[in-house]
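A.B. asks:
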Amino acid sequence: MSKITSDEVRQTATLARLELSDGEVHRLTRELDAILGYMESLASLDVSGVEPTTHAVPLDMPLRDDVLEALEPHLPVDLALLDAPKRHDAFFEVPKIIEVTE
Amino acid sequence: MTITDGGLAEVAQAIRARQVSAAEVTDAYLARIAAIDGTLKCFYRVDEAGARAQARAVDERLARGEDPGLLAGVPVGLKDLFVTEGLETTAGSKILEGWIPPYDGTPSKKLKQAGAVLVGKLSMDEFAMGSSNENSAYGPVRNPWDTTRVPGGSSGGSAAAVAAGLVAGALGTDTGGSIRQPAALTGTTGLKPTYGRVSRYGVVAFASSLDQVGPFGRSALDCAYLLQAIAGHDAHDATSLGSPVPDYLAACARPIDGLRVGIVRSWVAKLDRELAALVEEAFNTLERLGARLVDVTLPTSEHGIAAYYIIATAEASSNLARYDGVRYGLRVPGENLNAMYARTRSAGFGDEVKRRIMLGTYALRSGYYDAYYLRAQKVRTLIRNEFARAFGAVDVIATPTAPSVAFKLGEKTDDPLAMYLNDVFTIPCNLAGIPGMSVPCGFSQSLPVGLQLLGPALGEETLFAVAGAYQRATDWHTRRPPA
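Just so you know, the sequences run in chain order A and B.
Be aware that the first sequence starts at 97, since it is given in the numbering used here, and climbs by one per residue.
Be aware that the second sequence starts at 123, since it is given in the numbering used here, and climbs by one per residue.
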């Protein structure tokens, strides 16, 4: 039985903000199916009562002194916008995201 | 014997003793790059003017009698995911083509502070995803030992540049073996430090619970010089460890009498006969040097690849969400915001990056999360516990680094799963967060073979001691590829 269908590949691509050609969908369905099949081996392990590891080295939440000087100043706006594909004054410009209907 | 034949430590000492000027050293390396990198293609870009200016500054400090820093005048290359102020940084991806970072990341900054001469940016698999450097959007690197073969990956440019003497040392990153595997395949020495030992501020992220920065050199001592300069806590990286940074240079000279070296027989059994014989010989050398060999087993680590490729891709799918065409890098216009995102990402990412984003997004989908991501993280706990138990009985574990010598360009590009299986011996170390080093231990089919040394968390000094003793007793690390 296959682990993933081409429809699931298309849905996942939408979630990942990727546009895939039909050829890519076909190839990825085959490749992801093989990879997910390999990952089946994890099902053979008993993980009941095991806590998940999110970080390999346990960390306390570090706190710095609550003063502005503790870190270097942030990037000046002009420098931060230097590589922007499109800017408007002190902002990144993007396509309109609000549809206005009369 | 020219200066580029030596290792980083020798270059640093010669400049400090003023036997040679930093400017002469930089010129010699730049000349070597000009002569042979057209074939190897280790560099994306060489910052000749910047390198010469940094070298002159070191010479001026030396002339004034000032301390120019541990790495004064030493030419170092950076994998192209280290953010460098004013110098294009692409992470091997078309989506970042032309990006000129407005700041230096902490590793770049610390190298400069230590007096290193940053020569340029080195080729890599796109976003550090790959084991052969063939996923670079700007063409693959060739292995200096045989230019029809891969240098390993993802830090393939770093490894090949050090092997070929284009730089005295280099930095890479290692998420599942991306320093150790290319080190093994190019006959260089490479170290993945303990998770958190080196700051990742200004290092392009792949999988944040696994990524770690580390050095390449010709010897353990070379790596010690580099790690000494870059290790330590950084207020800009909350995951960087606060533990004091020990004297890694001194650690390289420590005796290893009575040290317990763990051997994982089931890993050696995965090798062909010639590779197994080389690794066994390395174990015997360690024994002759006073170490005691002890068998250990790591059965859960057999599942490392499966756990890793879920965790790493899940984290990557989240990390790479930032490449959306809004703030920097490529933008492909679309009729609305979502269309712009999708077009930009589809045009900017290569096949392997898309594959991993897809895999990671799938593993995180509701309904699949428990079966994949959560289960993988629990398996990760089992692997960590397994190493903790092993390090109760031994001080260090010695294993092969890679399951084969360098393979041919194109040999595995059609089969992603076959490529993933290359990481079988390197991945458990990342999942456990422990340090790992690869040192050259011989040749098979005239190609270098690596021995991997694993230590407990913050056990870098022990790895340096073992590797230092081994390299005083052997000369594999001094072999050079054909000019």
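All C-beta atoms in this analysis are idealised placements derived from N, C-alpha and C, irrespective of residue type, glycine included.
All figures in this text were calculated on a predicted structure; none of them were measured in a lab.
Please confirm whether A:Ser-98 has its beta-carbon closer than 8 Å to some beta-carbon of chain B.
C.D. replies: If you number the first sequence from 1, residue 98 of chain A lands on position 2. So, not an interface residue.
A.B. asks: With B:Val-561 as the anchor, note down where its beta strand (DSSP E) starts and where it stops.
C.D. replies: Sequence index remark: in the second sequence, residue 561 of chain B carries index 439 (1-based). Note, B:Val-561: beta strand (DSSP E), 558-566.
A.B. asks: Could you run through the segment 552-575 of chain B and flag, in chain order, every residue whose CB is less than 9 Å away from some CB of chain A?
C.D. replies: Residues Asn-552, Leu-553, Ala-554, Gly-555, Ile-556.
A.B. asks: Give a yes or no on contact between the segment 572-580 of chain B and the segment 321-334 of chain B, applying the rule of three or more CB pairs nearer than 8 Å.
C.D. replies: Short answer: they don't touch.
A.B. asks: Within 10 Å of its beta-carbon, does A:Glu-189 have 16 or more other beta-carbons around it, so buried, or fewer, so exposed?
C.D. replies: Here the question's residue 189 of chain A lines up with position 93 in the first sequence. A:Glu-189 is exposed by the Cβ-count criterion.
A.B. asks: Specify the secondary structure class of A:His-184 as computed by DSSP and reduced to three states.
C.D. replies: To locate residue 184 of chain A, count along the first sequence from 1; it is residue 88. Note: A:His-184 maps to strand in three-state DSSP.
A.B. asks: Verify whether the separation of the beta carbon atoms of B:Leu-420 and B:Ala-305 is less than 8 Å.
C.D. replies: Taking the first residue of the second sequence as position 1, residue 420 of chain B is located at position 298. Taking the first residue of the second sequence as position 1, residue 305 of chain B is located at position 183. Taking 8 Å as the Cβ cut-off, B:Leu-420 and B:Ala-305 do not qualify as a contacting pair.
A.B. asks: What three-state label does DSSP hand B:Asp-379 in the structure shown?
C.D. replies: The count along the second sequence starts at 1 and reaches residue 379 of chain B at position 257. In the structure shown, B:Asp-379 sits in coil (DSSP, three-state: anything other than H, G, I, E or B).
A.B. asks: Could you say which of B:Leu-348, B:Glu-474, B:Ala-360 lies nearest to B:Asp-537 if we only look at CA atoms?
C.D. replies: For the purposes of this step, residue 537 of chain B is identified with residue 415 of the second sequence, where counting begins at 1. For B:Asp-537, the nearest C-alpha among the options comes from B:Glu-474.
A.B. asks: Kindly give me the distance between the Cβ atoms of B:Gly-621 and B:Phe-249, rounded to whole angstroms, as I take these residues to be in contact under 8 Å.
C.D. replies: Residue 621 of chain B is absent from the structure shown; chain B starts at 123 and stops at 605.
A.B. asks: Within a Cβ cutoff of 7 Å, which residues of the same chain sit near B:Val-142, ignoring the five residues on either side of it in sequence?
C.D. replies: Reading the second sequence from its first residue, position 20 is the one you call residue 142 of chain B. Contacts found: Ile-125, Ala-136.
A.B. asks: Assuming contact is defined by CB atoms lying nearer than 8 Å, are B:Ala-346 and B:Gly-309 in contact in what I supplied?
C.D. replies: What you label residue 346 of chain B is simply residue 224 of the second sequence in a count that begins at 1. What you label residue 309 of chain B is simply residue 187 of the second sequence in a count that begins at 1. Cβ distance not < 8 Å, so B:Ala-346 and B:Gly-309 don't count as in contact.
A.B. asks: Looking at the unbroken alpha helix (DSSP H) that takes in B:Thr-483, where does it start and where does it end?
C.D. replies: As a position in the second sequence, residue 483 of chain B is number 361, starting the count at 1. Run containing B:Thr-483: 473-486, per the alpha helix (DSSP H) assignment.
A.B. asks: Once the 5 residues before and after B:Leu-343 are set aside, which same chain residues still bring their CB inside 6 Å of it?
C.D. replies: Working through the second sequence from its first residue, we reach residue 343 of chain B at position 221. So the qualifying residues of the chain are Ala-131, Cys-374.
A.B. asks: Just tell me which of B:Met-541, B:Pro-557, B:Tyr-491, B:Val-289 has its CA closest to the CA of B:Ala-153.
C.D. replies: If you number the second sequence from 1, residue 153 of chain B lands on position 31. The shortest C-alpha separation from B:Ala-153 is found at B:Val-289.
A.B. asks: Quick one: does B:Ala-360 have its CB under 8 Å from some CB of chain A?
C.D. replies: Position 238 of the second sequence, counted from the start, is the residue given in the question as residue 360 of chain B. Taking Cβ atoms only, chain A reaches closer than 8 Å to B:Ala-360, which makes this a yes.
A.B. asks: If you draw a straight line from the alpha carbon of A:Leu-141 to that of B:Val-272, how long is it in whole angstroms?
C.D. replies: The count along the first sequence starts at 1 and reaches residue 141 of chain A at position 45. The count along the second sequence starts at 1 and reaches residue 272 of chain B at position 150. Cα-Cα distance, rounded: 35 Å.
A.B. asks: What do you get for A:Phe-187, buried or exposed, if any count of 16 or more other CB atoms within 10 angstroms of its CB means buried?
C.D. replies: Numbered from its first residue, the first sequence carries residue 187 of chain A at position 91. A:Phe-187 comes out exposed.
A.B. asks: Helix or strand or just coil, what does DSSP make of B:Tyr-166?
C.D. replies: Here residue 166 of chain B is taken as the residue at index 44 of the second sequence, counted from 1. Here B:Tyr-166 sits in strand by DSSP.
A.B. asks: Going by DSSP in three states, A:Ile-100 sits in which element: helix, strand or coil?
C.D. replies: As a working note, residue 100 of chain A is residue 4 in the first sequence. Coil.
A.B. asks: Going by beta carbon distance, what residues of the same chain come within less than 7 Å of B:Ile-155, once the five residues before and after it are set aside?
C.D. replies: On the second sequence, position 33 is the one that residue 155 of chain B refers to. Around B:Ile-155: Phe-165, Val-168, Leu-288.
A.B. asks: Can you name the residues of chain A whose CB is closer than 8 Å to the CB of B:Arg-453?
C.D. replies: Within the second sequence, the letter at position 331 stands for residue 453 of chain B. Under the 8 Å cutoff, chain A gives Pro-181, Lys-182.
A.B. asks: Is the number of C-beta pairs between the segment 436-455 of chain B and the segment 510-526 of chain B that are closer than 8 Å three or more?
C.D. replies: No, the segment 436-455 of chain B does not touch the segment 510-526 of chain B.
A.B. asks: So, are the CB atoms of B:Gly-590 and B:Arg-302 less than 8 Å apart?
C.D. replies: Position 468 of the second sequence, counted from the start, is the residue given in the question as residue 590 of chain B. Position 180 of the second sequence, counted from the start, is the residue given in the question as residue 302 of chain B. Cβ atoms of B:Gly-590 and B:Arg-302: not closer than 8 Å.
A.B. asks: Could you check if B:Leu-348 belongs to the surroundings of the ligand ZN, using beta carbon to heavy atom distance under 7 Å?
C.D. replies: The ligand ZN is absent from the structure shown, which contains no ligand whatsoever.
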